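Peer 1: For reference, the structure I am asking about is given below.
The structure is reproduced here in C-alpha coordinates:
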(Lines of atoms letter the chains of each structure in order from A and count residues from 1; the text may use other names and numbers.)
(Lines give C-alpha, C1' and ligand atoms only; values in the text may rest on other atoms or scores of the structure.)
Protein backbone atom coordinates (compact mmCIF):
# COMPACT_ATOMS: atom_id res chain seq x y z
CA UNK A 1 0.00 0.00 0.00
CA UNK A 2 1.53 3.32 -1.08
CA UNK A 3 1.09 6.61 0.75
CA UNK A 4 1.91 8.58 -2.43
CA UNK A 5 4.97 10.71 -3.02
CA UNK A 6 8.12 10.70 -5.11
CA UNK A 7 9.87 7.49 -6.06
CA UNK A 8 13.15 6.43 -4.53
CA UNK A 9 16.47 7.39 -6.16
CA UNK A 10 18.92 4.54 -5.42
CA UNK A 11 22.18 5.41 -3.67
CA UNK A 12 25.10 3.06 -3.16
CA UNK A 13 25.09 1.62 0.37
CA UNK A 14 21.37 2.15 1.03
CA UNK A 15 19.44 -0.62 2.75
CA UNK A 16 16.23 -1.17 0.79
CA UNK A 17 13.26 -3.51 0.92
CA UNK A 18 12.18 -5.05 -2.36
CA UNK A 19 9.67 -7.52 -3.73
CA UNK A 20 10.60 -10.22 -6.23
CA UNK A 21 8.72 -9.55 -9.48
CA UNK A 22 10.56 -11.96 -11.80
CA UNK A 23 12.91 -14.91 -11.37
CA UNK A 24 15.20 -16.09 -14.20
CA UNK A 25 17.62 -19.05 -14.01
CA UNK A 26 20.44 -16.96 -12.47
CA UNK A 27 18.95 -13.58 -11.53
CA UNK A 28 15.99 -12.07 -9.71
CA UNK A 29 14.33 -8.78 -10.61
CA UNK A 30 12.88 -6.72 -7.79
CA UNK A 31 10.67 -3.69 -7.34
CA UNK A 32 12.35 -1.31 -4.88
CA UNK A 33 10.06 1.70 -5.50
CA UNK A 34 12.71 3.21 -7.79
CA UNK A 35 12.81 4.54 -11.34
CA UNK A 36 13.35 0.99 -12.64
CA UNK A 37 13.40 -2.56 -11.38
CA UNK A 38 16.72 -3.84 -10.01
CA UNK A 39 18.58 -7.06 -10.64
CA UNK A 40 20.16 -9.35 -8.09
CA UNK A 41 22.42 -12.10 -9.47
CA UNK A 42 22.64 -15.47 -7.69
CA UNK A 43 26.23 -14.56 -6.74
CA UNK A 44 24.81 -11.76 -4.56
CA UNK A 45 22.95 -13.98 -2.09
CA UNK A 46 24.38 -15.87 0.90
CA UNK A 47 23.19 -19.24 -0.44
CA UNK A 48 24.58 -21.52 -3.14
CA UNK A 49 21.92 -21.35 -5.85
CA UNK A 50 22.19 -23.82 -8.73
CA UNK A 51 21.27 -22.64 -12.24
CA UNK A 52 17.50 -22.61 -12.65
CA UNK A 53 16.73 -22.92 -8.93
CA UNK A 54 16.23 -19.25 -8.02
CA UNK A 55 12.59 -19.71 -7.00
CA UNK A 56 13.60 -22.29 -4.37
CA UNK A 57 15.25 -19.43 -2.46
CA UNK A 58 13.30 -16.29 -3.39
CA UNK A 59 10.03 -16.62 -5.27
CA UNK A 60 7.83 -14.07 -7.01
CA UNK A 61 5.96 -11.95 -4.46
CA UNK A 62 8.45 -12.56 -1.65
CA UNK A 63 10.20 -9.69 0.11
CA UNK A 64 13.83 -9.15 1.10
CA UNK A 65 16.03 -6.58 2.85
CA UNK A 66 18.98 -5.80 0.55
CA UNK A 67 21.80 -3.34 0.08
CA UNK A 68 22.35 -1.24 -3.05
CA UNK A 69 25.93 -1.93 -4.16
CA UNK A 70 26.02 -0.33 -7.62
CA UNK A 71 24.20 2.51 -9.40
CA UNK A 72 25.13 3.38 -13.00
CA UNK A 73 24.82 6.63 -14.99
CA UNK A 74 21.24 5.76 -16.00
CA UNK A 75 20.34 5.40 -12.29
CA UNK A 76 19.91 1.64 -12.68
CA UNK A 77 20.86 -0.16 -9.50
CA UNK A 78 22.06 -3.59 -8.50
CA UNK A 79 21.49 -5.04 -5.06
CA UNK A 80 23.11 -7.65 -2.85
CA UNK A 81 22.16 -9.73 0.16
CA UNK A 82 25.80 -10.44 1.02
CA UNK A 83 25.71 -8.24 4.10
CA UNK A 84 24.97 -9.33 7.66
CA UNK A 85 21.97 -7.00 7.88
CA UNK A 86 20.32 -8.37 4.74
CA UNK A 87 17.76 -11.17 4.84
CA UNK A 88 14.63 -12.66 3.38
CA UNK A 89 11.60 -11.13 5.13
CA UNK A 90 9.06 -13.86 5.70
CA UNK A 91 5.39 -13.12 6.28
CA UNK A 92 4.66 -9.65 7.53
CA UNK A 93 3.16 -6.60 5.89
CA UNK A 94 4.71 -3.88 3.77
CA UNK A 95 3.68 -0.28 3.38
CA UNK A 96 5.29 2.28 1.07
CA UNK A 97 5.77 5.89 2.16
CA UNK A 98 7.45 8.80 0.38
CA UNK A 99 11.22 8.23 0.75
CA UNK A 100 11.52 11.81 2.03
CA UNK A 101 9.53 10.74 5.14
CA UNK A 102 11.93 7.89 6.07
CA UNK A 103 14.16 10.07 8.32
CA UNK A 104 11.07 11.19 10.28
CA UNK A 105 9.85 7.60 10.64
CA UNK A 106 13.27 6.58 11.98
CA UNK A 107 13.56 9.69 14.16
CA UNK A 108 16.53 11.45 15.69
CA UNK A 109 18.95 8.76 16.89
CA UNK A 110 16.29 6.15 16.10
CA UNK A 111 13.82 7.56 18.63
CA UNK A 112 10.65 7.13 16.56
CA UNK A 113 11.39 3.60 15.41
CA UNK A 114 12.30 2.61 18.99
CA UNK A 115 9.01 4.08 20.21
CA UNK A 116 7.07 1.99 17.69
CA UNK A 117 9.02 -1.21 18.40
CA UNK A 118 8.84 -0.82 22.19
CA UNK A 119 5.10 -0.15 22.19
CA UNK A 120 3.94 -2.82 19.73
CA UNK A 121 6.14 -5.93 20.02
CA UNK A 122 6.41 -5.95 16.22
CA UNK A 123 9.50 -6.70 14.18
CA UNK A 124 10.12 -3.74 11.89
CA UNK A 125 12.52 -2.78 9.09
CA UNK A 126 12.52 0.59 7.32
CA UNK A 127 14.15 0.77 3.89
CA UNK A 128 15.68 4.00 2.58
CA UNK A 129 13.43 3.44 -0.43
CA UNK A 130 10.32 4.18 1.64
CA UNK A 131 9.25 0.55 1.94
CA UNK A 132 8.55 -0.51 5.52
CA UNK A 133 8.12 -4.16 6.54
CA UNK A 134 6.59 -5.18 9.86
CA UNK A 135 5.31 -8.37 11.44
CA UNK A 136 3.55 -9.25 14.67
CA UNK A 137 0.12 -9.97 16.11
CA UNK A 138 -2.72 -8.61 13.89
CA UNK A 139 -3.79 -5.95 16.41
CA UNK A 140 -0.19 -4.75 16.84
CA UNK A 141 0.33 -4.69 13.04
CA UNK A 142 -2.75 -2.47 12.78
CA UNK A 143 -1.29 -0.10 15.40
CA UNK A 144 2.02 0.08 13.50
CA UNK A 145 0.22 0.86 10.24
CA UNK A 146 -1.83 3.60 11.91
CA UNK A 147 1.27 5.06 13.60
CA UNK A 148 3.11 5.19 10.26
CA UNK A 149 0.16 6.98 8.64
CA UNK A 150 0.17 9.43 11.57
CA UNK A 151 3.91 10.10 11.17
CA UNK A 152 3.60 10.68 7.41
CA UNK A 153 0.61 13.01 7.86
CA UNK A 154 2.16 14.97 10.76
CA UNK A 155 5.87 14.83 9.85
CA UNK A 156 6.14 18.63 9.83
CA UNK A 157 4.87 19.05 13.40
CA UNK A 158 6.71 19.19 16.71
CA UNK A 159 6.14 16.74 19.57
CA UNK A 160 5.34 13.94 17.15
CA UNK A 161 7.28 11.20 18.97
CA UNK A 162 5.33 11.89 22.15
CA UNK A 163 2.00 11.88 20.26
CA UNK A 164 2.89 8.57 18.59
CA UNK A 165 3.82 7.07 21.97
CA UNK A 166 0.53 8.27 23.48
CA UNK A 167 -1.35 6.91 20.47
CA UNK A 168 0.28 3.48 20.83
CA UNK A 169 -0.12 3.39 24.65
CA UNK A 170 -3.59 4.86 25.09
CA UNK A 171 -5.28 4.94 21.67
CA UNK A 172 -6.16 7.68 19.19
CA UNK A 173 -8.68 9.43 21.48
CA UNK A 174 -5.87 10.29 23.95
CA UNK A 175 -3.74 12.12 21.37
CA UNK A 176 -3.70 15.92 21.42
CA UNK A 177 -3.95 17.61 18.01
CA UNK A 178 -0.60 18.51 16.42
CA UNK A 179 0.89 21.98 16.67
CA UNK A 180 2.40 23.41 13.51
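Numbering (my numbering), first residue to last: 409 to 588. Note that beta-carbon positions come from the ideal geometry of N, C-alpha and C, so glycine has one too. Owing to the predicted nature of the structure, the values given are computational and were not obtained by experimental measurement.
1. Any idea what DSSP makes of residue 577, helix, strand or coil?
2. Specify the secondary structure class of residue 448 as computed by DSSP and reduced to three states.
3. Measuring only the C-alpha atoms, how far is residue 445 from residue 424?
4. Under 8 Å Cβ to Cβ from residue 544, same chain only, skipping five residues before and after it: list those, please.
5. Can you give me the C-alpha to C-alpha distance between residue 459 and residue 439, rounded to a whole angstrom?
6. Let me check understanding here. Comparing Cα to Cα, which of 502, 448, 420 lies closest to residue 471?
7. Taking a contact to mean a Cβ-Cβ separation below 8 Å, would you say residue 538 touches residue 506 in this structure?
8. Straight-line CA distance for residue 542 to residue 481?
9. If you reduce the DSSP assignment to three classes, tell me which class residue 571 lands in.
10. Along the beta strand (DSSP E) that carries residue 504, what are the first and last residues, could you check?
11. Check whether the Cβ atoms of residue 489 and residue 572 lie closer than 8 Å to each other.
12. Assuming the contact rule is C-beta atoms closer than 8 Å, residue 487 and residue 448 should be a hit. Round their C-beta distance to whole Å, please.
13. For the alpha helix (DSSP H) that contains residue 561, what are its first and last residues?
14. Check residue 427 in the structure and name its three-state DSSP category.
15. Go ahead and pull the three-state DSSP assignment for residue 489.
Peer 2: Put simply:
1. Locating residue 577 in the chain shown gives position 169, where the first residue counts as 1. The answer is helix: DSSP assigns residue 577 an H, G or I state.
2. Position 40 of the chain shown, counted from the first residue, corresponds to residue 448. In this structure, residue 448 counts as strand in the three-state DSSP scheme.
3. Along the chain shown, one-based indexing puts residue 445 at 37. Along the chain shown, one-based indexing puts residue 424 at 16. One C-alpha to the other measures close to 13 Å.
4. Against the chain shown, residue 544 aligns to sequence position 136. So the list reads 528, 529, 530, 531, 552, once near-sequence residues are dropped.
5. The sequence position of residue 459 within the chain shown is 51, counting from 1. The sequence position of residue 439 within the chain shown is 31, counting from 1. Between residue 459 and residue 439, the C-alpha separation is close to 22 Å.
6. Position 63 of the chain shown, counted from the start, is the residue given in the question as residue 471. For the residues 502, 448, 420, the minimum Cα distance to residue 471 belongs to 502.
7. Reading the chain shown from its first residue, position 130 is the one you call residue 538. Reading the chain shown from its first residue, position 98 is the one you call residue 506. Note that the C-beta distance between residue 538 and residue 506 is below 8 Å.
8. If you number the chain shown from 1, residue 542 lands on position 134. If you number the chain shown from 1, residue 481 lands on position 73. For residue 542 and residue 481, the distance between alpha carbons rounds to 33 Å.
9. Stepping through the chain shown from its first residue, residue 571 is reached at position 163. DSSP places residue 571 in helix when its eight states are reduced to three.
10. One-based indexing of the chain shown puts residue 504 at position 96. Start and end: 501-504.
11. The sequence position of residue 489 within the chain shown is 81, counting from 1. The sequence position of residue 572 within the chain shown is 164, counting from 1. No, they are not a contact pair.
12. As a first step, residue 487 is located in the chain shown; it is residue number 79 there, counting from the start. As a first step, residue 448 is located in the chain shown; it is residue number 40 there, counting from the start. Confirmed, about 5 Å.
13. Start at 1 with the first residue of the chain shown, and residue 561 comes out as number 153. Start and end: 546-561.
14. Reading the chain shown from its first residue, position 19 is the one you call residue 427. Three-state result, residue 427: strand.
15. Walking along the chain shown from the start, residue 489 turns up at place 81. Here residue 489 sits in coil by DSSP.
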